[in-house]
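FYI, in full-length UniProt numbering the residues of the sequence shown are 1 to 241. Just so it is clear, CB atoms sit at the ideal spot from N, CA and C, and this is done for glycine as well. Everything numeric in this text was worked out from a predicted model, so none of it was measured. The structure appears below as structure tokens.
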Amino acid sequence: MKNTPLTGFNHLLQGMKMLMQPGLRKYTLVPLAINFVVFIVIGWIGYAQFGGLLNSLLPEESWLSFLRWILWPLFALSLLLVTFYTFTTIANLIAAPFNSRLSAKVEELLTGNRPPDSRLTIRQLILPTILSELRKLSYFLIRALPLLLLFLIPGVNLIAPFLWLLFSAWFLSIEYADYPMGNHGLTFQSQHQRLKSFRMTALGFGGGVTLLMMVPLLNFVAMPAAVIGATRLWCEHNREA
Numbered sequence: 001m002k003n004t005p006l007t008g009f010n011h012l013l014q015g016m017k018m019l020m021q022p023g024l025r026k027y028t029l030v031p032l033a034i035n036f037v038v039f040i041v042i043g044w045i046g047y048a049q050f051g052g053l054l055n056s057l058l059p060e061e062s063w064l065s066f067l068r069w070i071l072w073p074l075f076a077l078s079l080l081l082v083t084f085y086t087f088t089t090i091a092n093l094i095a096a097p098f099n100s101r102l103s104a105k106v107e108e109l110l111t112g113n114r115p116p117d118s119r120l121t122i123r124q125l126i127l128p129t130i131l132s133e134l135r136k137l138s139y140f141l142i143r144a145l146p147l148l149l150l151f152l153i154p155g156v157n158l159i160a161p162f163l164w165l166l167f168s169a170w171f172l173s174i175e176y177a178d179y180p181m182g183n184h185g186l187t188f189q190s191q192h193q194r195l196k197s198f199r200m201t202a203l204g205f206g207g208g209v210t211l212l213m214m215v216p217l218l219n220f221v222a223m224p225a226a227v228i229g230a231t232r233l234w235c236e237h238n239r240e241a
């Protein structure tokens, strides 16, 4: 497997193509439905609260009301980031057991073999997959908070957006690679080491997921497509290892 960003991005594209493949449809329906509902609910809450937040901070009758036109884009961007990561976290937390089953089925179709944990029921998968999601969330928060502070440092804030996008791509590769690797019993530390061995491919994959999640309508299929793409990536890496 070539260790390039394009290779990782291509696995995501192949994941999108496989979404409606016979044998996978019933495994993708629940993640798709969860993605749709969570996005609509969080988006509606964010939109509903935005105007109230702006009015409370800068009332129209305030002498600083002219700043509304300056701060509005900043507030909108901040809200978009908060909505994006809140949506990603909640959707993956709810859908984790179903994503594990989807990944197992994809691996079976690609290799003819079922991963060791694929015989667990949804009920048996709930606790371990949720604990795994919380572990990934703690990994994200420990690194995301210092990165956000870079936006406040003059000069450094010029490169902060690029560092943030790079970290987002890396984290999303960790997020979705966990499903096929977790089905094989790999710990978080082991998964991390595996991804480091093809870091550029992982970054290309995660960057593609980031882009897909920000495109209207396509963001609804981002989660199951990423699960399938990550499983394809794992199967190819595991075959060549």
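Practice item. Kindly list the residues whose CB is nearer than 8 Å to the CB of Gln21, restricted to its own chain and excluding five residues on each side of it in sequence; keep chain order. Key: Apart from the 5 residues on each side of it in sequence, Gln21 sits with its Cβ closer than 8 Å to the Cβ of Leu109 in its chain, given in chain order.
Practice item. Starting from Met200, follow the alpha helix (DSSP H) in both directions and report where the run begins and ends. Key: Arg199 to Met213
Review point. Going by alpha carbons, who is nearest to Thr86 out of Trp44, Leu150, Arg25 and Gly229?
Key: Trp44
**Study point:** Own chain partners of Pro115 with C-beta closer than 6 Å, once the 5 adjacent residues on each side are dropped
**Key:** Ala104, Glu107, Asn183 and His184
**Study point:** Counted within 10 angstroms of its Cβ, other Cβ atoms place Gly112 as buried (16 or more) or exposed
**Key:** Exposed: under 16 other Cβ atoms inside 10 Å.
**Study point:** Straight-line Cα distance separating Ala160 from Leu24
**Key:** 40 Å
**Study point:** Cutoff 6 Å; reference Phe220; Cβ partners in own chain excluding five residues on either side
**Key:** Asn35 and Phe36
Check your understanding: Would you say Leu147 and Trp170 are within 8 Å of each other, going by their C-beta atoms?
Key -> no
**Study point:** Alpha carbon of Phe98 to alpha carbon of Phe188, nearest angstrom
**Key:** Each residue's alpha carbon lies about 19 Å from the other.
**Study point:** Spatial neighbours of Leu12 in its chain, beta-carbon cut-off 8 Å, leaving aside the 5 residues before and after
**Key:** Phe205, Gly208, Val209, Leu212, Ala225, Ala226 and Gly229
Practice item. Output the boundary residues of the alpha helix (DSSP H) element that contains Leu13. Key: Pro5 to Lys17
**Study point:** Where Asn183 falls: helix, strand or coil (DSSP)
**Key:** Per DSSP, reduced to three states, the secondary structure at Asn183 is coil, with no helix or strand assignment.
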